[in-house]
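A short worksheet on the structure shown next.
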Amino acid sequence: ILDKRKTLPIWQHKEEILSSLKENQVLVLIGETGSGKTTQIPQFVLEMDKRRKMMVGCTQPRWVAAMSVSQRVAEEMDVTMGEEVGYTIRFEDKSSPKTVLKYLTDGMLLREAMTDPLLKSYSAIILDEAHERTVATDILFGLLKQVLRNRPDLKLVVMSATLEAEKFQGYFNGGAPLIKVPGRLHEVEVFYIAESQRDYVEAAIQTTDPEIVRSNLGSIFLTMKKLGIDDLVHFDYMDPPAPKTLERALEMLYYLGAMDDEGNLTRLGEIMSEFPFDPQTAKAPIVSPEFNCSNEILSICAILSVPNCFVRPPKGEARRKAANEAKARFAHIDGDHLTLLNVYHAFKLNNEEPLWCYENFINYKAMKSADNVRQQLVRIMSRYNLRMCSTEFSSRDYYVNIRKPILA
């Protein structure tokens, strides 16, 4: 495996990267696709810290990448997955006290910062795929800029696959060194067509707008407030959101009762920030004990957070008809939320049987994921002493009570 690693383009720049990181607190790296930056840079940085008392964290915009890359790196380092090398994604933590290298989504690093504002458990943070400019990555930029001032021992590596790196360099006071690593080179032949065609590549937009300027910021504002960032308007954004976007998000949090008249987080807002949902969904479990239906609301929230539980056969008219009939058996007259609750109840009543799922065109993996999510939601409810309860199924108010927290 080591011989294969040495063939990666990034390996030729190993000494240059380590030398630059020793002399500077922040390093910006441009590595084309296939250069090996995602798997190798975290291992290089780990080699710098001989004592290994703290972790090296590498963020990914998507949870699938965090899982697959950590598995690959564990194989390269010849260690047990979940021990020395691990990952943390929403609803799943595959790490341990022995973990020295952790891959995690950018959103999960933000959540860790809620309880560890200076990220003291990390010796280095690597922001991978920074060019994707997710909302969480953009907030991490501002947060880490503050943390670096208070922690001169913390190292930061910003990795991008595009030439937008100059913007990342300029964002950090005094600039940061830039290293460019090519991707894999292959033989290329050039062919010319008889007639010229319209150039679709040139006509396309050069880059997409950062997510932060085109997204609902309600969830991220809750997280920022929990992190102790009081002035959301003048926060050091790399690309500030439009005033209207900021206004809408703040109005929504105020309307939901997550913020008071002074713009401070309320007790309700604090608890909402603990739930890994958008603010509207996060409020439902918190108020559900008032309506005697927290068990049902947790089941609905859990199943809403996983991929579609209904399987739609790609081929065969008869199979599609059977799938539609199966779905109709779970349907509830009062809407999709209660339909999903019926699916979850049936899944549990049938002992979580894969065969039952197959026969009823239900996605077994999605249902198991929902069950795991629900267990984590129960733990959050317990942490805040929120009562687990249900209305008698025979009661005429059973479904009425369930709808109330959804609309709260």
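Heads up: take any position in the sequence shown, counting from 1, add 649, and you land on this note's numbering. Built from N, CA and C at the ideal position, the CB exists for glycine as well.
Closest residue to residue i among the options (Cα-Cα distance)
i: V677; options: E813, E900, S770, G685; result: E813
i: M1016; options: L998, R1028, Y1033, S1031; result: L998
i: N1012; options: R961, V1049, R1032; result: R961
i: T737; options: C707, M763, D765; result: C707
i: A931; options: I842, C958, L902; result: L902
i: K829; options: W1005, R800, I659; result: I659
i: D777; options: L805, R798, I982; result: L805
i: G912; options: L895, F926, S770; result: L895
i: E665; options: M697, W1005, K653, I935; result: M697
i: G877; options: E919, P890, V734, E900; result: E919
i: G756; options: S1031, N973, D927, N1021; result: D927
i: P826; options: E681, P746, E672; result: E672
i: K653; options: I679, G680, M726; result: M726
i: R711; options: F693, L758, E1002; result: L758
i: K964; options: C958, A972, A907; result: A972
i: L657; options: G685, I788, I775, S669; result: G685
i: C942; options: M1030, Q674, T915, N799; result: M1030
i: I788; options: R863, D888, G832, T729; result: D888
Extent of the continuous beta strand (DSSP E) to which residue i belongs
i: G680; result: 675 to 680
i: G706; result: 704 to 709
i: M808; result: 804 to 809
i: A723; result: Taken as a continuous stretch (DSSP letters only), A723 belongs to no beta strand (DSSP E), being part of the alpha helix (DSSP H) at 712 to 726.
i: Y771; result: 771 to 776
i: Y903; result: Unbroken run through Y903 is the alpha helix (DSSP H), 892 to 905; no beta strand (DSSP E).
i: T754; result: 750 to 754
Opening and closing residue of the alpha helix (DSSP H) in which residue i lies
i: G819; result: 814 to 820
i: E733; result: Unbroken run through E733: none, as it is neither H nor E.
i: Y1007; result: 1003 to 1008
i: D742; result: Premise fails: D742 lies in the beta strand (DSSP E), 741 to 743, not in any alpha helix (DSSP H).
i: V830; result: Where V830 is concerned, there is no enclosing alpha helix (DSSP H), although the beta strand (DSSP E) it sits in stretches over 827 to 830.
i: L792; result: 784 to 799
i: L990; result: 985 to 998
i: A779; result: A779 -> no alpha helix (DSSP H), and no H or E assigned at all.
Backbone CA spacing between residue i and residue j [nearest angstrom]
i: K751; j: F790; result: 19 angstroms
i: T811; j: L953; result: 35 angstroms
i: D909; j: G683; result: 49 angstroms
i: F1042; j: V1049; result: 11 angstroms
i: H986; j: D742; result: 28 angstroms
i: E732; j: N822; result: 37 angstroms
i: F644; j: A975; result: Residue 644 is absent from the model: the chain starts at 650 and stops at 1057.
i: A773; j: I690; result: 11 angstroms
i: F817; j: V807; result: 8 angstroms
i: E781; j: P859; result: 7 angstroms
i: L947; j: D765; result: 28 angstroms
i: S717; j: V955; result: 19 angstroms
i: L767; j: L797; result: 9 angstroms
i: F884; j: I861; result: 13 angstroms
i: G984; j: M1037; result: 24 angstroms
i: Q720; j: A714; result: 10 angstroms
i: K874; j: S669; result: 35 angstroms
i: E724; j: V734; result: 9 angstroms
Burial state of residue i (16 or more Cβ within 10 Å)
i: R1023; result: buried
i: A967; result: exposed
i: S922; result: buried
i: V839; result: exposed
i: A891; result: exposed
i: V882; result: exposed
i: S745; result: exposed
i: Q661; result: exposed
i: I679; result: buried
i: G819; result: exposed
Chain C within 8 angstroms of residue i, Cβ atoms only
i: S719; result: Absent from the structure: chain C. Only one protein chain is present.
Rounded Cβ spacing between residue i and residue j (contact assumed at less than 8 angstroms)
i: L990; j: E945; result: 6 angstroms
i: T688; j: V722; result: 5 angstroms
i: L899; j: F870; result: 7 angstroms
i: A1019; j: A933; result: Wrong, their Cβ atoms sit about 15 angstroms apart, outside the cutoff.
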